[in-house]
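Chemist: One structure follows; several queries about it will come next.
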Amino acid sequence: MPDRHTLAETEKAMTDHVSSLSLDFTAAHALSNLFRAANAVRQELTNRVLRKHDITWTGFVVLWVVWIWDGMEARHVAESADISKATLTGVVKTLEGRGLMLREGDKNDRRLVRLRLTETGVHLMRKIYPEFNSVESELVASLSGRQIQTFTRTLRDLITHVEATDQAGNETA
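See below:
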């Protein structure tokens with residue numbers, strides 16, 4: 011049996027393996043496919059765009075968050091990028107070393123650190139993002155405009171539900 015399996019083979023193996031359990035297979039298949047799609051897209055974008063600029067996925071996400079908000083407090087960058095503060099520290103150190111990002115202390119609270127892109131960082135994002143978006147367009151090219159709109163709306167609904175569930179869980183904890 012090969013180490014790589016098709017989507018259909020994976021779904022069948024999962025169903026065969028856990029068929030005796032009381033599970034919601036529709037939910038399992040939906041979220042398994044979401045996870046698999048997200049990983050495939052991430053790998054494709056990394057291989058085709060980010061690698062040639064020597065940027066990791068996490069580095070790109072941090073650059074993107076700081077870029078679109080014209081700077082942001084470090085803890086909020088970590089939250090937006092869905093990474094730990096410790097991971098952010100290492101990523102920022104790398105990006106600073108490449109002259110792409112600056113750390114600035116807050117004038118009113120020395121404990122807070124604000125991140126912003128350097129001119130070189132802004133230039134890089136203006137170069138990378140159109141390349142990134144071009145690959146994004148290729149990856150959804152097999153879908154109709156209506157399918158893309160439905161897909162986007164469905165993902166937004168899922169994200170909103172998960173965030174509301176997470177928020178409710180945090181309020182009761």
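Counting from 11, one number per residue, gives the positions in the sequence shown under this note's numbering.
Just so it is clear, CB atoms sit at the ideal spot from N, CA and C, and this is done for glycine as well.
1. Using 8 Å as the threshold, is the stretch 65-79 in touch with the stretch 96-113, meaning 3 or more CB pairs across them?
2. Quick check on DSSP: helix, strand or coil for V87?
3. Quick test of the definition: if touching needs 3 or more C-beta pairs under 8 Å, does the stretch 35-53 touch the stretch 117-128?
4. Quick one: what's E114 bridged to in DSSP?
5. When burial is assigned at 16 or more other CB atoms within 10 Å of the CB, is I65 buried or exposed?
6. Grab the span of the alpha helix (DSSP H) containing V102 for me, first residue to last.
7. Looking only at its own chain, which residues have a Cβ that is under 8 Å from the Cβ of A23, when we skip the five neighbours before and after it?
8. Given I78, which residues of its chain have a CB within under 8 Å of its CB, disregarding the five upstream and five downstream residues?
9. Less than 7 Å between C-beta atoms, sequence neighbours within five positions excluded: which residues of the same chain meet that for V75?
10. Would you check if the distance between the CB atom of T20 and the CB atom of F35 is smaller than 8 Å?
11. Enumerate in chain order the residues of its own chain whose CB-to-CB distance from V150 is below 7 Å, with the five nearest sequence positions on each side excluded.
12. Can you round the beta-carbon distance between I138 and V28 to whole angstroms, since I take them to be within the 8 Å contact cut?
13. Going by the CB atoms, is the gap between L55 and F142 shorter than 8 Å?
14. In whole angstroms, what separates the C-alpha of A40 from that of E114?
15. Rounded to whole angstroms, what is the Cα-Cα separation between R163 and T170?
16. Roughly how many whole angstroms lie between the Cα atoms of L17 and V123?
Modeler: Reading from the atomic positions:
1. yes
2. Taking the sequence shown and counting its residues from 1, the one referred to as residue 87 is at position 77. V87 falls in the helix class under three-state DSSP.
3. no
4. By 1-based counting over the sequence shown, the position of residue 114 is 104. DSSP, once it has assigned bridges, lists R124 as partnering E114.
5. Working through the sequence shown from its first residue, we reach residue 65 at position 55. With 16 or more Cβ atoms within 10 Å of its Cβ, I65 is classed as buried.
6. Residue numbering aside, residue 102 sits at position 92 when the sequence shown is read from its first letter. Here the alpha helix (DSSP H) through V102 covers 95-107.
7. On the sequence shown, residue 23 is found 13 positions in, with the first residue counted as 1. Taken in chain order, the residues that qualify are H15.
8. As a first step, residue 78 must be located in the sequence shown, where it is residue number 68. Taken in chain order, the list of residues that qualify is empty.
9. As a first step, residue 75 must be located in the sequence shown, where it is residue number 65. Cβ neighbours of V75 beyond the five flanking positions: M82, V87, S90, A91.
10. What you label residue 20 is simply residue 10 of the sequence shown in a count that begins at 1. What you label residue 35 is simply residue 25 of the sequence shown in a count that begins at 1. Contact flag unset, no.
11. Residue 150 sits at position 140 when you count from the first residue of the sequence shown. So the qualifying residues of the chain are I158.
12. Here residue 138 refers to the residue found at position 128 when the sequence shown is read from its first residue. Here residue 28 refers to the residue found at position 18 when the sequence shown is read from its first residue. No, I138 and V28 are not in contact; Cβ-Cβ is about 41 Å, not under 8 Å.
13. Counting from 1 along the sequence shown, the entry for residue 142 is found at position 132. Counting from 1 along the sequence shown, the entry for residue 55 is found at position 45. Yes, these two residues count as a Cβ contact at 8 Å.
14. By one-based count along the sequence shown, residue 40 stands at place 30. By one-based count along the sequence shown, residue 114 stands at place 104. Whole-angstrom Cα-Cα distance: 43 Å.
15. To locate residue 163, count along the sequence shown from 1; it is residue 153. To locate residue 170, count along the sequence shown from 1; it is residue 160. Answer to the nearest angstrom: the Cα atoms are 10 Å apart.
16. For the purposes of this step, residue 17 is identified with residue 7 of the sequence shown, where counting begins at 1. For the purposes of this step, residue 123 is identified with residue 113 of the sequence shown, where counting begins at 1. The alpha-carbon atoms of L17 and V123 are separated by roughly 44 Å.
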